[in-house]
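Asks: From first to last, the protein sequence lines stand for chains C and D.
First residue of the first sequence: 1, per my numbering; consecutive thereafter.
First residue of the second sequence: 1001, per my numbering; consecutive thereafter.
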Amino acid sequence: MSYGPAPWVQRHWDLRAAANFVFGGIGSGVIVFASLAGARGTPAALALVAGLALVGAGLFSVWLEIGRPFRAIRVFTNPRTSWMSREAYVAIALAAMALVAAWMHRAEAPAATVAGALAALVALAFVYCQGRMLNAAKGIPAWRSPATAGLIVTTSLAEGAGAWWLVAAAHAQGTRGALALLGVLLVARLLAWLAYRRTIAGAPRAAAALAPAGWALAVAGTLAPLVLLAVAATMSVEAWVLGLSAAAGALALAGGAWFKIALILRGAYNQGFAVPHMPVRGART
Amino acid sequence: MTRWAMIADLRRCVGCQTCTAACKHANATPPGVQWRRVLDVEVGDYPDVKRAFVPVGCQHCDDPPCMHVCPTTATRKRADGIVTIDYDLCIGCAYCAVACPYQARYKTERATFAYGAPAAHETKRHDPDRIAVATKCTFCVERIDAGLAAGMTPGVDPEATPACVNACIAQALTFGDLDDPASNVSTLLEGNRHFRMHSELGTGPGFYYLWDGAGPDGGVPALRKLVEQAMELA
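Written out as structure tokens, the structure reads:
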């Protein structure tokens, strides 16, 4: 196999598109984690609204990138095959569910937990759409990996959990179980990254470009927060527990966000051109 | 049925870029946008170096990933295999551009001209509908449709044939109906070894590359047959 001009990093999607994956992931992750952590009352309502605002910020950011923003409504046209259309529909459902759940939590309605869980499911669907959106981009080897969707989902959940713990002191609903859950999500994200890394071995440029962000994700975004969580688990002073958990959350959040930016902007080498057979000249009939 | 396809004979292409210029002229693409490109590919190390000129562009795939990802249905595939873009539907999200494994799609954010201010011909042919949306090779679909309506045969009659094919100085580019076993493209594919780029991705490109003659060791089958017959007679 011989190649023509070397692949280059795509320039069609820039930081504005990356922001959609970062903010959308964090926002959805917060909504899911708030439900998993058993949040209730005003803190749960705030988490739902903040998560939704982040998702909205991501979509607004990508709206700024499209060439014809005043035709954006047409994004809903092709849910039959396009994951971008599906993401748009799920975003509408997420907005509705999150607002209803937030209102129910604020009013301390009996079914608020169920509504929050439903919102979490829709949020999960939203990040899944984002993962499949990248996966469907056949022109970018680092995105079309079969492990991309899993990586995007786990990263988003870990980022959301990190965001939840970053402000845990403010909402005072950080339980030891939720602390352990952050640890589990960090490990899941690390495993997803390792599995993903294997699948892009055939794209050496992308693998090399993503390696620094991958190391940052593994060390600063996973191992360091795990150590902080382990120390926090041994503490009895609540201020220390919250402080260490917030630090762990910040690292988990930053590691995931940095990795996603690298995935969109640095690892996105295109397919390049392949010439599997060089011409044998002088042989035409 | 009809399946329009293009063939590039890598043995004939000399990299003159006449097809590139013809495409730009026919389609009035702005600077930096080349729906038809010819790559200059060099492989190997001295002294064992090989060079090829490889025309590329939209491959008008059987199963185009750009069409599947398009959130607006602006990208569609006609029954004759030509992949089209409806500029009025496209929102310029560029999802199709990252989904295309052939780097065939362009998005021009703003009007640009060769020398800054638009020249007279650029003013005349500038199409604001093509700003901030995805564009790509159309196989000169307007020529094909107009030619068919006039009873002509695309790939045979120049008026009904893509501009790049008409312009090729070496007859390296051929256009025709793949579903017609007697067509020019079918005949070429039958008589020559060929490949399609990135076929492992399953997109089914409608663009074929000839690289060698037919037969296990290439060569010229018809000529070889004649030589063998002559030897038998002798």
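All C-beta atoms in this analysis are idealised placements derived from N, C-alpha and C, irrespective of residue type, glycine included.
Would you say C/Pro5 faces chain D, with C-beta separation under 9 Å as the test?
Replies: As a position in the first sequence, residue 5 of chain C is number 5, starting the count at 1. Interface residue, yes.
Asks: In chain order, what residues of the same chain have a beta carbon less than 8 Å from the beta carbon of D/Ile1131, not counting five sequence neighbours either side?
Replies: As a first step, residue 1131 of chain D must be located in the second sequence, where it is residue number 131. Closer than 8 Å at the Cβ level, and outside the excluded window around D/Ile1131, lie Thr1108, Glu1109, Arg1110, Ala1111.
Asks: What is the residue span of the beta strand (DSSP E) that D/Tyr1209 lies within?
Replies: Taking the first residue of the second sequence as 1, we reach residue 1209 of chain D at position 209. Taken as a continuous stretch (DSSP letters only), the beta strand (DSSP E) holding D/Tyr1209 covers 1207 to 1213.
Asks: List the endpoints of the continuous beta strand (DSSP E) containing D/Met1006.
Replies: Position 6 of the second sequence, counted from the start, is the residue given in the question as residue 1006 of chain D. Here the beta strand (DSSP E) through D/Met1006 covers 1004 to 1009.
Asks: Closer than 7 Å by beta-carbon distance: list the chain D residues that pair up with C/Ile140, in chain order.
Replies: Here residue 140 of chain C refers to the residue found at position 140 of the first sequence. Under a criterion of Cβ atoms nearer than 7 Å, the residues of chain D adjacent to C/Ile140 are, in order, Val1098.
Asks: Which of the three DSSP states is assigned to C/Gly51 in this structure?
Replies: Position 51 of the first sequence, counted from the start, is the residue given in the question as residue 51 of chain C. Taken through DSSP and simplified to helix, strand or coil, C/Gly51 comes out as helix.
Asks: Buried or exposed for C/Phe60, going by 16 or more other Cβ atoms inside 10 Å?
Replies: Taking the first sequence and counting its residues from 1, the one referred to as residue 60 of chain C is at position 60. With fewer than 16 other Cβ atoms within 10 Å, it is exposed.
Asks: Look up D/Phe1139 in the DSSP assignment and say whether it is helix, strand or coil.
Replies: Here residue 1139 of chain D refers to the residue found at position 139 when the second sequence is read from its first residue. In this structure, DSSP gives D/Phe1139 a state outside helix and strand, which the three-state scheme calls coil.
Asks: Roughly how many angstroms separate the alpha carbons of C/Leu210 and C/Met104, rounded to a whole number?
Replies: Sequence index remark: in the first sequence, residue 210 of chain C carries index 210 (1-based). Sequence index remark: in the first sequence, residue 104 of chain C carries index 104 (1-based). For C/Leu210 and C/Met104, the distance between alpha carbons rounds to 42 Å.
Asks: Please report how far the alpha carbon of D/Cys1070 lies from the alpha carbon of C/Gly183, in whole angstroms.
Replies: Indexing the second sequence from 1 puts residue 1070 of chain D at position 70. Indexing the first sequence from 1 puts residue 183 of chain C at position 183. Each residue's Cα considered, the two are about 38 Å apart.
Asks: Which residue comes first and which comes last in the beta strand (DSSP E) that contains D/His1194?
Replies: Counted from its first residue, the second sequence places residue 1194 of chain D at position 194. Element bounds for D/His1194: 1192 to 1195.
Asks: When you compare only the Cα positions, how much space is there between D/Gly1204 and D/Arg1036?
Replies: Position 204 of the second sequence, counting from 1, holds the residue named residue 1204 of chain D. Position 36 of the second sequence, counting from 1, holds the residue named residue 1036 of chain D. If I take the Cα positions, the gap works out to 19 Å.
Asks: For D/Tyr1172 and D/Asp1009, which I take to be in contact (beta-carbon distance under 8 Å), what is that distance rounded to the nearest angstrom?
Replies: In the second sequence, residue 1172 of chain D corresponds to position 172, counting from 1. In the second sequence, residue 1009 of chain D corresponds to position 9, counting from 1. Reading off the sequence shown, one finds Ala at residue 1172 of chain D, where the question assumed Tyr. About 5 Å separates the two Cβ atoms, so the contact holds.
Asks: Whose C-alpha, out of C/His12, C/Thr77, C/Gly255, C/Gly243, is nearest the C-alpha of D/Gln1236?
Replies: Outside the displayed span of chain D (1001 to 1234) sits residue 1236 of chain D, for which this structure offers no information.
Asks: If you run the structure through DSSP and keep just helix, strand and coil, what is C/Arg284?
Replies: The residue you call residue 284 of chain C lines up with position 284 of the first sequence. Summary for C/Arg284: the model assigns pLDDT 44, below 50, so the residue's position carries little reliability; its value from the coordinates is reported in the next sentence. Coil.
Asks: With a Cβ-Cβ cutoff of 9 Å, do C/Arg86 and C/Cys129 count as a contact?
Replies: Position 86 of the first sequence, counting from 1, holds the residue named residue 86 of chain C. Position 129 of the first sequence, counting from 1, holds the residue named residue 129 of chain C. Result yes, Cβ atoms of C/Arg86 and C/Cys129 sit closer than 9 Å.
Asks: Hey, would you say C/Ala57 sits closer than 9 Å to C/Lys260, going by beta carbons?
Replies: For the purposes of this step, residue 57 of chain C is identified with residue 57 of the first sequence, where counting begins at 1. For the purposes of this step, residue 260 of chain C is identified with residue 260 of the first sequence, where counting begins at 1. For C/Ala57 and C/Lys260, no; Cβs fall outside 9 Å.
Asks: Give the single residue among C/Ala216, C/Val9, C/Phe126, C/Val275 whose Cα lies nearest to the Cα of D/Glu1200.
Replies: Walking along the second sequence from the start, residue 1200 of chain D turns up at place 200. Residue C/Val275 is the option with its Cα nearest to D/Glu1200.
Asks: Let me see if you follow: with CB-CB separation under 9 Å, is C/Ser82 close to chain D or not?
Replies: Counted from its first residue, the first sequence places residue 82 of chain C at position 82. C/Ser82 counts as touching chain D.
Asks: Alpha carbon to alpha carbon, what distance is there between D/Val1098 and C/Ala137?
Replies: Within the first sequence, numbered from 1, the residue matching residue 137 of chain C stands at position 137. Within the second sequence, numbered from 1, the residue matching residue 1098 of chain D stands at position 98. Cα to Cα, the separation comes out at about 6 Å.
Asks: Between D/Gly1147 and D/Val1185, how many whole angstroms is the CB-CB distance? I'm expecting something under 8 Å.
Replies: The residue labelled residue 1147 of chain D in the question sits at position 147 within the second sequence. The residue labelled residue 1185 of chain D in the question sits at position 185 within the second sequence. About 16 Å separates the two Cβ atoms, so there is no contact after all.
Asks: What did DSSP end up calling C/Ala274 once you bin it into helix, strand or coil?
Replies: Stepping through the first sequence from its first residue, residue 274 of chain C is reached at position 274. Assignment of C/Ala274 by DSSP, reduced to helix, strand and coil, places it in the strand class.
Asks: Does chain D have any CB closer than 9 Å to the CB of C/Ser85?
Replies: The residue you call residue 85 of chain C lines up with position 85 of the first sequence. Any Cβ of chain D closer than 9 Å to the Cβ of C/Ser85 would place that residue at the interface, and such an atom is present.
Asks: Using a Cβ-Cβ cutoff of 9 Å, what residues of the segment 162 to 196 of chain C are near chain D? List them in chain order.
Replies: none
Asks: Could you give the residue range of the alpha helix (DSSP H) that holds C/Leu94?
Replies: Residue 94 of chain C sits at position 94 when you count from the first residue of the first sequence. Its alpha helix (DSSP H) spans residues 83 to 106.
Asks: Which term fits C/Ile73, buried or exposed, when burial requires 16 or more other beta carbons within 10 angstroms of its beta carbon?
Replies: Counting from 1 along the first sequence, the entry for residue 73 of chain C is found at position 73. Around the C-beta of C/Ile73, fewer than 16 other C-beta atoms lie within 10 Å, and the residue is accordingly described as exposed.
Asks: Measure the C-alpha to C-alpha separation of C/Leu263 and C/Met235 and round it to an integer number of angstroms.
Replies: Within the first sequence, residue 263 of chain C is the residue found at index 263, counting from 1. Within the first sequence, residue 235 of chain C is the residue found at index 235, counting from 1. Distance between the alpha carbons of C/Leu263 and C/Met235: 37 Å.
Asks: To the nearest angstrom, how far is the alpha carbon of C/Pro5 from that of D/Pro1064?
Replies: Along the first sequence, one-based indexing puts residue 5 of chain C at 5. Along the second sequence, one-based indexing puts residue 1064 of chain D at 64. Those two C-alpha atoms are separated by around 23 Å.
Asks: Indicate the three-state DSSP secondary structure (helix, strand or coil) for D/Ala1097 in the structure shown.
Replies: Within the second sequence, numbered from 1, the residue matching residue 1097 of chain D stands at position 97. Three-state result, D/Ala1097: helix.
Asks: Name the chain D residues whose beta carbon is nearer than 9 Å to that of C/Phe273?
Replies: Sequence index remark: in the first sequence, residue 273 of chain C carries index 273 (1-based). Residues of chain D passing the Cβ test: Leu1039, Val1041, Val1054, Val1056, Tyr1102, Gln1103, Met1197, His1198.
Asks: How about the segment 240 to 254 of chain C and the segment 1174 to 1181 of chain D: do they share at least three Cβ pairs that are nearer than 8 Å?
Replies: no
Asks: Distance check for C/Pro69 and C/Ser82, CA to CA, integer angstroms please.
Replies: Mapped onto the first sequence, residue 82 of chain C falls at position 82. Mapped onto the first sequence, residue 69 of chain C falls at position 69. Those two C-alpha atoms are separated by around 18 Å.
Asks: By DSSP, does D/Arg1076 sit in helix, in strand, or in coil?
Replies: Taking the first residue of the second sequence as 1, we reach residue 1076 of chain D at position 76. In this structure, D/Arg1076 counts as strand in the three-state DSSP scheme.
Asks: Buried or exposed, going by whether 16 or more other CB atoms sit within 10 Å of the CB of C/Glu159?
Replies: Within the first sequence, residue 159 of chain C is the residue found at index 159, counting from 1. Buried, because 16 or more other Cβ atoms sit within 10 Å of the Cβ of C/Glu159.
Asks: Start and end of the beta strand (DSSP E) containing D/Pro1055?
Replies: Within the second sequence, residue 1055 of chain D is the residue found at index 55, counting from 1. That run of the beta strand (DSSP E) goes 1048 to 1056.
Asks: Against chain D, does C/Gly67 count as a neighbour if the rule is that its beta carbon must be under 9 Å from one of theirs?
Replies: Position 67 of the first sequence, counting from 1, holds the residue named residue 67 of chain C. Yes, C/Gly67 lies at the interface with chain D (some Cβ there is under 9 Å from its Cβ).
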